[in-house]
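Heads up, the thing below is written out as structure tokens.
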Amino acid sequence: MIKVAPSLLSADFTDLKKDIKLLESSEADMLHIDIMDGHFVPNITFGPDQVKQLRKVTDMYFDVHLMINEPEKYIEAFAEAGSNLITVHAEAAHHLQRLIHTIKSYGVAAGVSLNPATPLCMLDYVLDDVDLILIMSVNPGYGGQKFIPAMEDKIRQTKRMIGEREILLEVDGGINHQTAELAIHAGADILVAGSYTFHGDIRNNIKSLKEIK
Ligand code: DX5
Ligand code: ZN
Numbered sequence: 267m268i269k270v271a272p273s274l275l276s277a278d279f280t281d282l283k284k285d286i287k288l289l290e291s292s293e294a295d296m297l298h299i300d301i302m303d304g305h306f307v308p309n310i311t312f313g314p315d316q317v318k319q320l321r322k323v324t325d326m327y328f329d330v331h332l333m334i335n336e337p338e339k340y341i342e343a344f345a346e347a348g349s350n351l352i353t354v355h356a357e358a359a360h361h362l363q364r365l366i367h368t369i370k371s372y373g374v375a376a377g378v379s380l381n382p383a384t385p386l387c388m389l390d391y392v393l394d395d396v397d398l399i400l401i402m403s404v405n406p407g408y409g410g411q412k413f414i415p416a417m418e419d420k421i422r423q424t425k426r427m428i429g430e431r432e433i434l435l436e437v438d439g440g441i442n443h444q445t446a447e448l449a450i451h452a453g454a455d456i457l458v459a460g461s462y463t464f465h466g467d468i469r470n471n472i473k474s475l476k477e478i479k
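Letter by letter, the sequence shown follows residues 267 to 479 in the working numbering.
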């Protein structure tokens with residue numbers, strides 16, 4: 267069954283605890299936390315201190331997506347804040363293989379993400395190191411953007427590249443009921459869903475994605 271990772275970015279920040287409690291009582295598999303620095307992406311969100319505060323109110327699995335430059339400077343802080351998975355962008359890493367192992371050294375799972383225009387071959391030599399590959403189906407920076415159609419084939423090719431390895435394939439950006447179906451059929455294991463989750467009935471929205479075969 268598909269795993270669903272609601273993105274906190276689209277939650278109600280004036281009543282975050284309420285939304286988190288709703289997610290806990292839903293079929294959500296994890297909480298996707300988008301970290302943006304205003305450099306790697308044009309937007310700014312929050313840092314390790316906020317993740318640490320979130321950790322005090324929930325035991326949900328934290329899927330932390332770092333859209334930041336110089337990610338190596340912040341791995342320790344995000345690991346200690348309570349992340350279960352830290353995903354870095356291949357485009358932001360000078361020494362990707364080392365960075366993956368730094369993440370793992372804190373007992374945290376390591377993911378690598380690729381922007382829509384970045385070729386898959388960036389991952390050729392880290393396939394034996396990563397726990398998860400995150401394919402961006404929009405250019406990162408904002409919630410509520412449209413799924414880029416060419417990403418369907420990229421997801422399919424990523425799945426093929428993973429082969430028998432135990433690497434999870436996550437897709438992030440523009441997921442709604444229709445694009446979720448495309449992504450699942452192309453081989454996605456985890457779908458990030460921000461605006462789709464938090465628009466209307468949160469629990470029903472998550473359930474509708476979980477039911478896709
Ligand atoms: C985009 C973020 C996403 C975002 C997805 O830069 O990485 O996780 O929250 O939002 P939707 O699902 O609305 O496209
Ligand atoms: Zn994300």
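Cβ atoms here follow ideal geometry from the backbone N, Cα and C, with glycine treated the same way. If you're wondering where the values come from, they're calculated on a predicted model, not measured in any experiment.
Run through DSSP, which three-state label would M252 get? The structure shown does not extend to residue 252, since the chain is modelled only from 267 to 479, so the question has no answer here.
Measuring alpha carbon to alpha carbon, tell me which of K283, A271, T280 ends up nearest D300. Locating residue 300 in the sequence shown gives position 34, counting from the first residue. Of the candidates K283, A271, T280, the one whose C-alpha sits nearest the C-alpha of D300 is A271.
What does a CB cutoff of less than 8 Å around K412 pick up in its chain, not counting 5 residues either side in sequence? The residue labelled residue 412 in the question sits at position 146 within the sequence shown. Excluding residues within five positions, the ones whose Cβ falls inside 8 Å are V404, G440.
C-alpha gap between E436 and A294, whole angstroms: Here the question's residue 436 lines up with position 170 in the sequence shown. Here the question's residue 294 lines up with position 28 in the sequence shown. Approximately 14 Å, taken between the alpha carbons.
Where do the N-terminal and C-terminal ends of the beta strand (DSSP E) with S379 fall, by residue? By 1-based counting over the sequence shown, the position of residue 379 is 113. Its beta strand (DSSP E) spans residues 375-380.
Does the Cβ-Cβ distance between N335 and A356 come in under 8 Å? As a first step, residue 335 must be located in the sequence shown, where it is residue number 69. As a first step, residue 356 must be located in the sequence shown, where it is residue number 90. Not closer than 8 Å, so no.
Quickly, what does DSSP pair I401 with across the bridge? List them, please. For the purposes of this step, residue 401 is taken as the residue at position 135 of the sequence shown. Note: I401 sits in a beta bridge opposite L380, V437.
Distance, Cα to Cα, R469 vs S291? The residue you call residue 469 lines up with position 203 of the sequence shown. The residue you call residue 291 lines up with position 25 of the sequence shown. Between R469 and S291, the C-alpha separation is close to 8 Å.
What span of residues does the beta strand (DSSP E) with P314 cover, start to end? In the sequence shown, the residue the question calls residue 314 occupies position 48. Careful: P314 lies outside any beta strand (DSSP E), inside the alpha helix (DSSP H) at 314-323.
Would you decide whether A480 is buried or exposed? Buried here means 16 or more other CB atoms lie within 10 Å of its CB. Outside the displayed range of the chain (267 to 479) lies residue 480, so it cannot be described from this structure.
Classification of M326 by the beta-carbon crowding that lies within 10 angstroms, buried from 16 upward: The residue you call residue 326 lines up with position 60 of the sequence shown. Its Cβ being crowded by 16 or more others within 10 Å, M326 is buried.
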